[in-house]
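Numbering (the numbering used here), first residue to last: 13 to 243.
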Amino acid sequence: MRFGIISAGQGSRLASEGFSQPKPLVPICGTPMIERLARIFINCGADSVAVIVNGTNPETADYIKEMSHMMPIDLIVKSTPTPMHSLMELAPYLGQDRFCVTTVDTVFQESRFRAMVDEFSNTPFDGLMGVTAFVDDEKPLFVETDKTMTITGFHDTRNDCSFVSAGIYALKVQALDVLAECLESGQTRMRYFQRKLLEAGMRLKAFDMGQVVDVDHVCDIKKAQKIAQQE
Numbered sequence: 013m014r015f016g017i018i019s020a021g022q023g024s025r026l027a028s029e030g031f032s033q034p035k036p037l038v039p040i041c042g043t044p045m046i047e048r049l050a051r052i053f054i055n056c057g058a059d060s061v062a063v064i065v066n067g068t069n070p071e072t073a074d075y076i077k078e079m080s081h082m083m084p085i086d087l088i089v090k091s092t093p094t095p096m097h098s099l100m101e102l103a104p105y106l107g108q109d110r111f112c113v114t115t116v117d118t119v120f121q122e123s124r125f126r127a128m129v130d131e132f133s134n135t136p137f138d139g140l141m142g143v144t145a146f147v148d149d150e151k152p153l154f155v156e157t158d159k160t161m162t163i164t165g166f167h168d169t170r171n172d173c174s175f176v177s178a179g180i181y182a183l184k185v186q187a188l189d190v191l192a193e194c195l196e197s198g199q200t201r202m203r204y205f206q207r208k209l210l211e212a213g214m215r216l217k218a219f220d221m222g223q224v225v226d227v228d229h230v231c232d233i234k235k236a237q238k239i240a241q242q243e
């Protein structure tokens with residue numbers, strides 16, 4: 013299975029709080045986030061890892077080029093307007109069957125991710141979506157599930173939902189056709205893409221990733237390190 017990392021954002025919130033490093037190079041327990049993710053993917057059996065970064069931080073691209081000497085990485089350097097556009101750029105590198113993609117600032121326990129990948133390798137579902145009950149996002153996407161964790165809806169408000177999206181997407185390759193249709197219609201938010209997957213008839217299951225944090229602010233770094241240390 014192939015894996016992808018969306019890392020083309022500007023990290024503007026971290027920069028505005030005085031953090032000088034590019035977001036992908038934020039250290040989590042001494043390892044830059046981008047390297048930590050890539051190593052987790054390789055440990056989980058990745059055939060290759062495709063990474064997209066923007067062109068404004070050559071330091072990040074140079075670091076990933078050095079990583080590519082140690083692991084199979086396909087690097088794309090391109091500035092994109094949204095994460096959905098970034099995912100479309102990754103599409104040619106994600107193989108012909110199943111893939112898993114996450115954003116660079118998503119920090120989770122490796123053991124939970126490994127369990128998710130193992131389940132996805134054998135599931136009859138068209139996709140597993142990582143979810144968490146830990147709401148630490150400014151605008152979370154709430155995930156509605158039934159008793160079997162089958163996803164029945166994605167919502168902007170809590171309603172009776174127990175989980176929010178963790179930004180971890182394990183999908184069969186036909187999901188990329190839905191992605192292309194979304195972009196062609198002018199819809200560019202990831203939550204719209206997830207809703208369209210359901211509308212297209214894809215069967216999605218939620219996978220509880222435990223505690224997950226997105227590193228958007230300096231205060232999130234300490235939270236992320238606590239999660240990583242739980243291994």
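Every residue gets a Cβ at the ideal spot worked out from N, C-alpha and C, and that includes glycine.
{"Item": "Those runs of the alpha helix (DSSP H) which lie wholly inside the region 22–108 and span at least 4 residues", "Value": "24–28, 45–55, 70–79 and 95–102"}
{"Item": "Cys-194 - partner residues in DSSP beta bridges", "Value": "Per DSSP, none; premise fails for Cys-194."}
{"Item": "For Leu-210, the first and last residue of its enclosing alpha helix (DSSP H)", "Value": "202–211"}
{"Item": "Beta-ladder partner(s) of Thr-160, from DSSP", "Value": "Looking at the DSSP assignment, Thr-160 forms no beta bridge with any residue, so it has no partner."}
{"Item": "Whether Ile-46 touches Val-116 by CB criterion (7 Å)", "Value": "yes"}
{"Item": "Rounded C-alpha distance that separates Phe-31 from Asp-232", "Value": "12 Å"}
{"Item": "Continuous beta strand (DSSP E) stretch holding Lys-217: start and end", "Value": "216–220"}
{"Item": "Buried versus exposed call for Gln-206 [16 or more other C-beta atoms within 10 Å across all chains shown]", "Value": "buried"}
{"Item": "Cβ pair count under 8 Å reaching 3, the region 150–169 against the region 233–240", "Value": "no"}
{"Item": "Length of the line joining the Cα atoms of His-167 and Pro-44", "Value": "32 Å"}
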